[in-house]
Amino acid sequence: MVARLVRQKPVCTLGLATGGTPLKLYGELIRMHQEEGLDFSRVTTFNLDEYVGLPPSHEQSYRYFMQKNLFDHINVDVRNTNVPDGRALDFEKSGERYEQLIADAGGIELQVLGIGTDGHIAFNEPGSSLGSRTRLKTLAPETVRDNARFFGSEKAVPKLAITMGVGTILESRRCLLLAFGENKADAIAATVEGPVTAQVTASALQLHREVVIVLDEAAASKLARREYYEEVENAHRMLETGKLPWIEEA
């Protein structure tokens, strides 16, 4: 999906995520660049969020993550890669500037997302406004616990981040939500089949016109209508290949 967009529209704007979930995606994009010539030279990127107080050189900063896991291995112009400023002197103005940068780029065409175990997207914790914009956010205790594995202890995890808002994300023209593992199953079920609520900020994606959700078996295990979703996937595959058995049989 990402590669198709870059090939079809070389001048495009991607929204990117961090954490363990998108690593396989980024690895495949690197492979496609190195082996197939996938060209990122005119691509602009915007990351979802950044911890407050960490310099870009810090191994747990999201700027460092992106350089290490994607940007340093493809031909993207670093001047066209954007990560929220976690060391801003004025976070309100910094958030407004980030929103303006996105607008000036023509908006985000495809936003890659992960999901927290409590159903949050970016750092829009439970209770976040579904119309929120890029801003300063306090991390929920569950998020701090989930991220402690990267820092060695909960105490070392920053308690504040600057993050795109739910409203910002919903303005992306398309979204790609990735989730893997049994620990994401409850969040996925609430996101897809539960009510739209600020307590599960990912549930706001139900209001978006075009969202693709990629899951493994474990993450999909608590979906009540799982069989139907599999039929949807199969039907779209048949449509793409032009092989519609009900027409062939007729």
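Residue numbers for the sequence shown follow this note's numbering, so the first one is 1049 and each next one is one higher. Each residue gets a CB set at the ideal place from its N, CA and C atoms; glycine is no exception.
Exposure of residue i, with buried meaning 16 or more beta-carbon neighbours within 10 Å
i	result
Asn-1282	exposed
Asn-1195	buried
Lys-1232	buried
Arg-1079	exposed
Thr-1129	buried
His-1081	buried
Val-1059	exposed
Glu-1098	buried
Leu-1253	buried
DSSP state of residue i mapped onto helix, strand, coil
i	result
Phe-1119	helix
Lys-1291	coil
Lys-1185	strand
Ala-1227	strand
Gln-1148	helix
Thr-1165	coil
Ile-1236	helix
Leu-1263	strand
Ala-1250	helix
Ile-1156	coil
Leu-1255	helix
Leu-1208	strand
Same chain, Cβ closer than 7 Å to residue i, neighbours up to 5 away in sequence not counted
i	result
Leu-1102	Gln-1108, Ser-1109, Gly-1134, Pro-1206
Ala-1151	none
Phe-1199	Gln-1108, Val-1205
Gly-1175	Ala-1246, Gln-1247
Pro-1104	Arg-1111, Tyr-1112
Check whether residue i and residue j have beta carbons under 7 Å apart
i	j	result
Ala-1209	Val-1131	no
Thr-1216	Ala-1153	no
Ile-1169	Thr-1249	yes
Phe-1113	Leu-1184	no
Val-1262	Leu-1287	no
Ala-1238	Gly-1162	no
Arg-1181	Gly-1155	no
Glu-1241	Ala-1266	no
Leu-1218	Val-1260	no
Val-1050	Val-1091	no
Pro-1070	Val-1160	yes
Thr-1165	Ala-1268	no
Cβ-based neighbour list, residue i, same chain, cut-off 8 Å, excluding 5 preceding and 5 following
i	result
Thr-1245	Ser-1251
Arg-1193	Glu-1202
Pro-1293	Met-1286
Leu-1149	Phe-1094, Asn-1130
6 Å CB neighbourhood of residue i in its chain, flanking five on each side removed
i	result
Ala-1188	Glu-1173
Arg-1221	Glu-1157
Tyr-1074	Asn-1117, Leu-1118
Leu-1096	Ala-1065, Ala-1170, Met-1212
Closer than 7 Å to chain D by CB, residue i
i	result
Glu-1241	Among the chains of the structure shown, chain D does not appear; only one protein chain is present.
Exercise. Where in the region 1054-1098 do unbroken runs of the beta strand (DSSP E), each at least 3 residues long, occur, reported from the N-terminal end onward?
Worked result: 1061-1064, 1092-1095
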